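Data first, discussion second: the structure below is written as C-alpha cells.
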Amino acid sequence: MKLNRFTIVALLLVMLITGTTSPSVAQDTLPRNETLYFNGQQWGSVVGWNPYSNSNNNAMAIAQQDNARVLMFETPYLYNMLDGQVYPLLADGPYTWNDSRTELTFSINPAAHWSDDTPVTAEDVAYTWATHVKYNTPTAAANVDYIADIVATDPQTVVIQAKLNDAGVTVNPLLVQAYVSTNYVVQKAWTQVLEERVGGDATALLADPAEDVVASGPYYKFFADDSKVVLIRDDNYWGQDASMWGKLPAPKYLAHTIFKDNAAGTTALQAGEVDISQQFNSNVQSFWLENGLPISTYLPEAPYGIGASLPTAFFNLNSYGLDNAVVRRAIAIAVDYPTIIANAMTNQSATFDQVPRSLMNPTAGEQALYDHDAVAELQWAGNDIETANAILDEAGIVDSDGDGWRELDGQKLTYIATCPNGWSDWQAAIEVVAAAGKEIGIDITTNFPEWSVYQTVVTKSDAPLPEGYDIFMMWSDGAGPTQPWSRIRKMLSSEFNGMTSNWNGNWGGYSNPAADELIQAIPQETDPAALKEMYTELVRIYLTDIPSFTLMYRPQSFHTVNESVWTNFPFDGDGTNPPVPPLDLMDGWSVAGLYNLVLVNP
Amino acid sequence: MKHIIGQVFRSGKFLVGFVMFMAIVLTVVIYPLFIKDEPLDIVSRGTFLPPGIYVNVYDSIEFSPRYTLILDEAAARRIASKLSHEDRLAMQEWLVAMGVPPNKIDIEDTANLLELWENTFDPTARIPGMTNADRNYYIRLNSALDGLLATEGATVAAVNSETGVLEEKDVIDQTDYVNVGEVPNIRLLPLGTDNFGRDVLTELVKATGVSLTIGFVAGIIATSIGLVFGLLSGYLGGFVDDLIGFLNNLFTVIPPLMLAILIAFSIGQDQRGAYTVAVVIGVTSWPWTSRAVRAQVISLRNRDHVNLSKLSGHSIAYILLTDILPYIASYVVMALILQISQGILTEAGLSILGLGPRTTDVPTLGLMMSWAMIYQAPIMGIWWAYFPVIVVIAVISFSMNLMNTGLDRVFNPALRE
Chain A
3 MKLNRFTIVA
13 LLLVMLITGT
23 TSPSVAQDTL
33 PRNETLYFNG
43 QQWGSVVGWN
53 PYSNSNNNAM
63 AIAQQDNARV
73 LMFETPYLYN
83 MLDGQVYPLL
93 ADGPYTWNDS
103 RTELTFSINP
113 AAHWSDDTPV
123 TAEDVAYTWA
133 THVKYNTPTA
143 AANVDYIADI
153 VATDPQTVVI
163 QAKLNDAGVT
173 VNPLLVQAYV
183 STNYVVQKAW
193 TQVLEERVGG
203 DATALLADPA
213 EDVVASGPYY
223 KFFADDSKVV
233 LIRDDNYWGQ
243 DASMWGKLPA
253 PKYLAHTIFK
263 DNAAGTTALQ
273 AGEVDISQQF
283 NSNVQSFWLE
293 NGLPISTYLP
303 EAPYGIGASL
313 PTAFFNLNSY
323 GLDNAVVRRA
333 IAIAVDYPTI
343 IANAMTNQSA
353 TFDQVPRSLM
363 NPTAGEQALY
373 DHDAVAELQW
383 AGNDIETANA
393 ILDEAGIVDS
403 DGDGWRELDG
413 QKLTYIATCP
423 NGWSDWQAAI
433 EVVAAAGKEI
443 GIDITTNFPE
453 WSVYQTVVTK
463 SDAPLPEGYD
473 IFMMWSDGAG
483 PTQPWSRIRK
493 MLSSEFNGMT
503 SNWNGNWGGY
513 SNPAADELIQ
523 AIPQETDPAA
533 LKEMYTELVR
543 IYLTDIPSFT
553 LMYRPQSFHT
563 VNESVWTNFP
573 FDGDGTNPPV
583 PPLDLMDGWS
593 VAGLYNLVLV
603 NP
Chain B
872 MKHIIGQVFR
882 SGKFLVGFVM
892 FMAIVLTVVI
902 YPLFIKDEPL
912 DIVSRGTFLP
922 PGIYVNVYDS
932 IEFSPRYTLI
942 LDEAAARRIA
952 SKLSHEDRLA
962 MQEWLVAMGV
972 PPNKIDIEDT
982 ANLLELWENT
992 FDPTARIPGM
1002 TNADRNYYIR
1012 LNSALDGLLA
1022 TEGATVAAVN
1032 SETGVLEEKD
1042 VIDQTDYVNV
1052 GEVPNIRLLP
1062 LGTDNFGRDV
1072 LTELVKATGV
1082 SLTIGFVAGI
1092 IATSIGLVFG
1102 LLSGYLGGFV
1112 DDLIGFLNNL
1122 FTVIPPLMLA
1132 ILIAFSIGQD
1142 QRGAYTVAVV
1152 IGVTSWPWTS
1162 RAVRAQVISL
1172 RNRDHVNLSK
1182 LSGHSIAYIL
1192 LTDILPYIAS
1202 YVVMALILQI
1212 SQGILTEAGL
1222 SILGLGPRTT
1232 DVPTLGLMMS
1242 WAMIYQAPIM
1252 GIWWAYFPVI
1262 VVIAVISFSM
1272 NLMNTGLDRV
1282 FNPALRE
C-alpha cells in the first residue's frame, strides 16, 4: 500500500516537473513590449507552413491573395489598396511589359536573401511556377490559362510569358501582372528537398506540413499549438538593406492567440491583450466613447474603415417573376439600405448617399473609373417605396385578388430571402430586405440554412437553384491589382453559368452578351478614356438589369487597434507616403506599417 | 374540489408563485391591447439605443409651443455635460505639452481655459507619446467645446424649395423649453432597442407569450406521454412494462437537451417554427414523469378498491381513469408545472445554441438572448438587451417552482403540517 502511494506521488511530481518545463509555458512569457498581438485571423490550430498548399489553416503565415500576406513568405511586388499601385518587395524597380504586351519582365533585388542566407534568384521564381504547374496546385489552376511560362534569363531577371489567344494577343494581361503581387516566391533548393521527400507525389506535396521550410520574409515561425501562433523576427532579414526598408520591423514577436469565438477576442482587445484586431466589433465607437479605452480605427468617425468589397444580394433569375426586371428593380429600390448600414453593420460602411452604387468599391481609384453623371439617374439610395409601387402598378403587377400581395399573370409573387445561419450581419441585412417586400406587396420571408448546405447549393451553377434561394447573399471581390475588372466579371459574366462548382460569382444565372463582351475586352485595353467608357457602360447595364444589388460596403479587413502598448498604427492622414493601408500590418503594402510602430512607454 | 382549491391557496408559497406567474401572464395578455406596435418592427436606425424617452427634435422645434424658463443652473449644467473634470485635466495635459506654463492654467475657470484652448489647439500637432486614440479624443473634445460659452440662441434655417436658398426660420434661445407632453412625436423605449433596432420591451412581452406557449405545449406533450406510459407500464406490468422500461432507459441515458439538440439540428432551420421546437422538447423530456407515475401506479394497483373494480369487470381504461388517476392527479399537476418550466428553459438553451425557432416569425426569450450574445451585448455593457430577458426567465421558473413546492406541501402527506 505504502509503495503504491509513494509511486503515485512520484508520478505526480514527475508530471508537475515536466509540465512546468514544457516549451508551451516558455512561450507564455513573451515580453509584452516586444510582441504585437493579433486577433480575428487564426481560428483553430495551424496545419502546416507549406507555401504550395492552400489548406494550411495558417492565417499568420500564408495567404496568397490580392493583398498577399508577406510576414513570412514574400511576393515580388506589394499591392497598395489605397493608391492602387504596386511597389517592389523582392523585385528591384517596376516591372515592364514588352511592346506587344506578351512578356512581363522584372528583376530581383540583389540584396534579397533567404533565411538560410542564400540569395533569392530569378531561378527561384521560375522554379516556384514550374512546381505549381508540375503538381497542379491551386495557384497553377488559377493561372495556367493566362501564364504560359516563367523563365529566368539570368540570375536576377525574370520573364513571365503570357498565354496568347489564337490572334496572338495576350489572353489577359491584368491577371498576368497580378501574379507578381499575389504569389509567393519559394526557394528552389527547399522545393527540391520537399519533392524528394514526397517522392514526386502531388497529394503528398500539398499535404506536407513543411516544418523545415525556408522563407525570405521579416518573420519566421517560432511556435504554434492550439492556443497560439507566434512568429519571431529574423534579425538577419534582407529587408534591412537600404534598398528596401532600411531597418527591421519594430515588434520582435507577432503573436495570435487562438480565441474560442469573437466575444473572447473582443474581451481580449478591450483588456489590451490584443493590439490589432481583424474582428467585426459591433458599435466599435463605444470602445472609446463609452468605455474610454485607447482603441481607435483607421477613420475616427463612421464608417471607421475603408470599404473594399460589396456584399451583395443576388436574384435567382429563374424564380417566378424575378426574370422580370421591373420586379427586381422594385425590390432593390424599396430596400432600406440606411437601416442595413446602421443596424447590421453598426455604421461601419459608407452609405449609398455617400458612395452611390455602381460596381466599384468606395476607394478613390475605383470611383474615378466610371462617369458618375452618366449613370446618376439609374442609381438609387433605397427606401423608395413610392417609386417601387408606382413601377409595379405601371407594369400591371397589381394585387388583383385582394389578398394584399401582388400577382404577376395571376400568380402571387412570393419569395424566400436567405443567407447562411449564424452570419449575424448578413442575417440582419436579409431581414431588412424581407421587410421591404411587405411595403410593396411582395411576400418575402427569410430562411437561414447552415453554411454547409448553403454553400453547396449556391455554388452549384449547372442547375437552377432550388426553392428557398430566390434572393440570396454572397460576397464580391475586395481591393486588388485586377480590380474592379475581376469583381465586375464575377458579378456579371455568364462564363460561370453551368459550372458544377462555381466559387467565382454570378450565382443568380445572369447572362448578357453585351456585358460579356465588355468584360472580355477590358483587360486588353490600355487607354484610360476608353476604359472609363467601358466601365461606365458596365455600370449602366448592371443598374438597368439589376441581376443583384449591393447591400453594404465592407472593408477588406477590419482594423481596430488598441494603443496600450504599441502606437503609430496607420490612420487616415498619418502622413505616410505611400499611404499605409489599414490591413492589419500584414497584407500587401500595409506590412510597411510594422516599421513605423513605436512603444507607448519605451 | 372546492376544498382542495381552498387548501392550495392557503399555502403561502403557492400563492406567491401563483401571483407572480399570473402577473406575467396578464402582462402578456393586456400589454398588446394598449401598445399596438408590431413586436418585430424595426424602429431604430442604429442598434442598441439605450432606454429612455425619445423626443422628436424636429417636432420640438417646429410643432410645439415654446416656453421660457429661467433656471439658474442651466448654463452650468450645459457646460458640465460637454466638459467633465477629466476633460479639463486632459486639456491641461495638452496645454502643458504645447508649452503653456502650468501656472497660467486654471482648469476650474472655464472661460479662461477655453480661451487658452482655442489659441493653442492644433489638430495636426503630433505630441511625442500621444496615441492616435488620444488625438481622436482631443479632436472630438475640440468640436464639442465649440460655442460652449455662447449666450446667444441657435438659428434654425431651411432650404426654400423654390429658390434653393437657405432661409432663416427661427431662433432658439437658451432659455426655451418645450413640454414633452405637447410634442406630437415622442416614443417611450423603456428597455431601449436591440441589435435589429426593435423595441425591446414590446418584443420581450411577445417573446414571453411565445415562450410560455412553447413551455405549455412542451409540458403537456411531455406530461401526456409520461402519464400514459407510466400508467400502462405500472398497471399492466410484464412485457409492456419491460418494453416501456426499455424505451425509458434509452431516453434516460441520453440527456434530453442533447437529444433535443440532435433532433432540432436534423429538422433544419427552415422547418423549425415555435411549435415544432415545442414538440421536439416535449417528446424528449417525458421519461422522468413516466418513471414517477409508474412507481405511484405500482403502489396503487393492488389496493382494495382497484381489485374490487377489477372483479366488477371494468375495463383497463376505466380502472386507470377512475380508480388510479385521481389518486395521482395532484402529482401529475405538479409534474406538469415542472415540465412547463423546464420546457421554457430548454427553448432558451436551444435558441442560444442557434437551434431554436426561426428568427423572423416570432421572438422567443431564447432567441432574444441568442441575438444579444451574437452582438456581444454582455461584453459591451448593453444590459437592456439581455438582462430583462434573464429576469423574465428566472421569474417564470421561480414562480412555477414555488407553485410546485406549495402544492407539494398540500398534497404530500409526509410534508403536510
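The listed protein sequences derive, respectively, from chains A and B.
Residues in the first sequence are numbered from 3 upward in steps of one, following my numbering.
Residues in the second sequence are numbered from 872 upward in steps of one, following my numbering.
Idealized CB from N, CA, C, for every residue including glycine.
Note that the coordinates shown come from a computational prediction; the quantities given were computed from them, not determined experimentally.
Original post:
Quick one: is A/Pro121 near chain B, going by C-beta distance under 7 Å?
Top reply: Translated into positions along the first sequence, residue 121 of chain A becomes position 119. No, its Cβ sits nowhere closer than 7 Å to a Cβ of chain B.
Original post:
Straight-line CA distance for A/Ser26 to A/Leu38?
Top reply: For the purposes of this step, residue 26 of chain A is identified with residue 24 of the first sequence, where counting begins at 1. For the purposes of this step, residue 38 of chain A is identified with residue 36 of the first sequence, where counting begins at 1. Below a pLDDT of 50, predicted positions are generally treated as unreliable, and A/Ser26, at 45, falls in that range; the measurement from the model is reported next regardless. For A/Ser26 and A/Leu38, the distance between alpha carbons rounds to 18 Å.
Subject >> Cross-chain neighbours of B/Met1251 in chain A, by beta carbon under 7 Å >> reply: Within the second sequence, the letter at position 380 stands for residue 1251 of chain B. Those are Asn285 and Ser288, listed as they occur along chain A.
**OP:** Less than 8 Å between the CB atoms is what I'm expecting for B/Arg937 and B/Val1049, so what's the real figure, rounded?
**Re:** Taking the second sequence and counting its residues from 1, one reaches residue 937 of chain B at position 66. Taking the second sequence and counting its residues from 1, one reaches residue 1049 of chain B at position 178. B/Arg937 to B/Val1049, Cβ: 6 Å. Contact.
**OP:** List the endpoints of the continuous beta strand (DSSP E) containing A/Met475.
**Re:** On the first sequence, position 473 is the one that residue 475 of chain A refers to. Note, A/Met475: beta strand (DSSP E), Ile473 to Met476.
**OP:** Please determine, among A/Asp405, A/Ala419, A/Asp401 and A/Tyr417, the residue with the shortest C-alpha to C-alpha distance to A/Asp411.
**Re:** On the first sequence, position 409 is the one that residue 411 of chain A refers to. For A/Asp411, the nearest C-alpha among the options comes from A/Asp401.
Original post:
If you draw a straight line from the C-alpha of A/Thr365 to the C-alpha of A/Gln67, how long is it?
Top reply: Stepping through the first sequence from its first residue, residue 365 of chain A is reached at position 363. Stepping through the first sequence from its first residue, residue 67 of chain A is reached at position 65. Each residue's alpha carbon lies about 19 Å from the other.
**OP:** Name the two residues that bound the continuous beta strand (DSSP E) containing A/Pro96.
**Re:** The count along the first sequence starts at 1 and reaches residue 96 of chain A at position 94. Here the beta strand (DSSP E) through A/Pro96 covers Ala93 to Trp99.
Original post:
So, is B/Met962 buried or exposed, given that buried needs 16 or more other C-beta atoms within 10 angstroms?
Top reply: Indexing the second sequence from 1 puts residue 962 of chain B at position 91. Flag for B/Met962 reads buried.
Original post:
What residues from chain B crowd round A/Thr573, counting only those whose CB sits closer than 7 Å?
Top reply: Here residue 573 of chain A refers to the residue found at position 571 of the first sequence. First, the amino acid is wrong: residue 573 of chain A is Phe here, not Thr. Within chain B, the residues near A/Phe573 are Asn1003.
Subject >> Classification of B/Met872 by the beta-carbon crowding that lies within 10 angstroms, buried from 16 upward >> reply: Against the second sequence, residue 872 of chain B aligns to sequence position 1. That one is exposed.
**OP:** Indicate whether B/Pro910 and B/Pro1259 have their beta-carbon atoms separated by less than 7 Å.
**Re:** Locating residue 910 of chain B in the second sequence gives position 39, where the first residue counts as 1. Locating residue 1259 of chain B in the second sequence gives position 388, where the first residue counts as 1. Taking 7 Å as the Cβ cut-off, B/Pro910 and B/Pro1259 do not qualify as a contacting pair.
Original post:
If you follow the alpha helix (DSSP H) that A/His258 is part of, which residue opens it and which one closes it?
Top reply: Within the first sequence, the letter at position 256 stands for residue 258 of chain A. A/His258 -> not in any alpha helix (DSSP H); beta strand (DSSP E) instead, spanning Tyr255 to Thr259.
Original post:
Do you know how far the Cα of A/Thr159 is from the Cα of A/Tyr129?
Top reply: The count along the first sequence starts at 1 and reaches residue 129 of chain A at position 127. The count along the first sequence starts at 1 and reaches residue 159 of chain A at position 157. If you take the alpha carbons of A/Tyr129 and A/Thr159, they lie about 13 Å apart.
Original post:
How long is the line joining the alpha carbons of A/Phe289 and A/Gln272, rounded to whole angstroms?
Top reply: In the first sequence, residue 289 of chain A corresponds to position 287, counting from 1. In the first sequence, residue 272 of chain A corresponds to position 270, counting from 1. Answer to the nearest angstrom: the Cα atoms are 8 Å apart.
**OP:** Go to A/Pro90, then tell me how far its beta strand (DSSP E) extends in each direction, as first and last residue.
**Re:** On the first sequence, residue 90 of chain A is found 88 positions in, with the first residue counted as 1. Looking at the DSSP string, the run of the beta strand (DSSP E) that includes A/Pro90 is Gln87 to Pro90.
Original post:
Do three or more CB pairs link the stretch 1203–1222 of chain B to the stretch 1087–1099 of chain B at distances below 8 Å?
Top reply: By the Cβ rule, the stretch 1203–1222 of chain B counts as touching the stretch 1087–1099 of chain B, because three or more pairs are nearer than 8 Å.
Original post:
If you draw a straight line from the alpha carbon of A/Leu394 to that of A/Ala516, how long is it in whole angstroms?
Top reply: Position 392 of the first sequence, counting from 1, holds the residue named residue 394 of chain A. Position 514 of the first sequence, counting from 1, holds the residue named residue 516 of chain A. Their backbone Cα atoms lie some 27 Å apart in a straight line.
Original post:
From B/Ile1211 to B/Ala894, what distance separates their C-alpha atoms?
Top reply: The residue you call residue 1211 of chain B lines up with position 340 of the second sequence. The residue you call residue 894 of chain B lines up with position 23 of the second sequence. Take the alpha-carbon of B/Ile1211 and the one of B/Ala894: they are about 17 Å apart.
Original post:
Can you name the start and end residues of the beta strand (DSSP E) that A/Val161 belongs to?
Top reply: Along the first sequence, one-based indexing puts residue 161 of chain A at 159. Note, A/Val161: beta strand (DSSP E), Thr159 to Ala164.
Original post:
Hey, how far is the Cα of A/Thr389 from the Cα of A/Ile333?
Top reply: Within the first sequence, the letter at position 387 stands for residue 389 of chain A. Within the first sequence, the letter at position 331 stands for residue 333 of chain A. Going from the Cα of A/Thr389 to the Cα of A/Ile333 covers about 11 Å.
**OP:** Check whether the stretch 1061–1071 of chain B touches the stretch 939–949 of chain B, taking contact to mean three or more Cβ pairs, one atom from each stretch, closer than 8 Å.
**Re:** The stretch 1061–1071 of chain B is not in contact with the stretch 939–949 of chain B.
**OP:** Under 8 Å between beta-carbons, which chain B residues line up against A/Val612? List them in chain order, please.
**Re:** Summary: the structure shown does not reach residue 612 of chain A, with chain A confined to residues 3 through 604, and so no result is reported for it.
Original post:
Shorter than 7 Å from the beta carbon of A/Pro340 to some beta carbon of chain B?
Top reply: The sequence position of residue 340 of chain A within the first sequence is 338, counting from 1. In terms of beta-carbon proximity, A/Pro340 lines the interface with chain B, with at least one pair separated by less than 7 Å.
Original post:
Using 7 Å as the limit for Cβ to Cβ distance, is A/Ala430 near chain B?
Top reply: Here residue 430 of chain A refers to the residue found at position 428 when the first sequence is read from its first residue. Yes, A/Ala430 counts as interfacial toward chain B.
**OP:** Check distances from the C-beta atoms of the stretch 139–155 of chain A to those of chain B and list, in chain order, the residues that come in under 7 Å.
**Re:** Listed in sequence order: no entries.
Original post:
Given that a residue counts as buried once 16 or more other Cβ atoms are within 10 Å of its Cβ, and exposed if not, what is B/Ile1195?
Top reply: Counting from 1 along the second sequence, the entry for residue 1195 of chain B is found at position 324. With a threshold of 16 other beta carbon atoms within 10 Å, B/Ile1195 meets it and is buried.
**OP:** Starting from the beta carbon of B/Gly1068, find every residue of chain A whose beta carbon is closer than 8 Å, and list them in chain order.
**Re:** Numbered from 1 along the second sequence, position 197 holds the residue referred to as residue 1068 of chain B. Those are Thr341, Ala344 and Asn345, listed as they occur along chain A.
Original post:
Given that a residue counts as buried once 16 or more other Cβ atoms are within 10 Å of its Cβ, and exposed if not, what is A/Asp151?
Top reply: Within the first sequence, numbered from 1, the residue matching residue 151 of chain A stands at position 149. Classification for A/Asp151: exposed.
Original post:
For A/Tyr417 versus A/Ile473, is the C-beta spacing smaller than 7 Å?
Top reply: Position 415 of the first sequence, counting from 1, holds the residue named residue 417 of chain A. Position 471 of the first sequence, counting from 1, holds the residue named residue 473 of chain A. In this structure, A/Ile473 lies closer than 7 Å to A/Tyr417 by Cβ.
Subject >> Beta carbon of A/Met554 nearer than 7 Å to that of A/Ile260 >> reply: For this step, residue 554 of chain A is matched to residue 552 along the first sequence. For this step, residue 260 of chain A is matched to residue 258 along the first sequence. Not closer than 7 Å, so no.
Original post:
Alpha carbon to alpha carbon, what distance is there between B/Met1244 and A/Phe40?
Top reply: Reading the first sequence from its first residue, position 38 is the one you call residue 40 of chain A. Reading the second sequence from its first residue, position 373 is the one you call residue 1244 of chain B. For the pair A/Phe40 and B/Met1244, the Cα-to-Cα distance works out to about 22 Å.
**OP:** For A/Phe498, collect the residues of the same chain with a Cβ closer than 7 Å to its Cβ; drop the 5 residues on either side in sequence, then sort them by chain order.
**Re:** Translated into the one-based positions of the first sequence, residue 498 of chain A becomes position 496. Answer for A/Phe498: Ser463, Asn504, Asn506, Gly507 and Asn508, listed in chain order.
Original post:
Opposite B/Leu1060 in the DSSP bridges: which residues?
Top reply: For the purposes of this step, residue 1060 of chain B is identified with residue 189 of the second sequence, where counting begins at 1. DSSP output for B/Leu1060 lists B/Gly923 as bridge partner(s).
**OP:** Say yes only if the C-beta of A/Pro53 is nearer than 6 Å to one or more non-hydrogen atoms of the ligand NAD, and no if none qualify.
**Re:** This structure simply doesn't include the ligand NAD, nor any ligand for that matter.
**OP:** Check A/Ile343 in the structure and name its three-state DSSP category.
**Re:** Along the first sequence, one-based indexing puts residue 343 of chain A at 341. Helix at A/Ile343.
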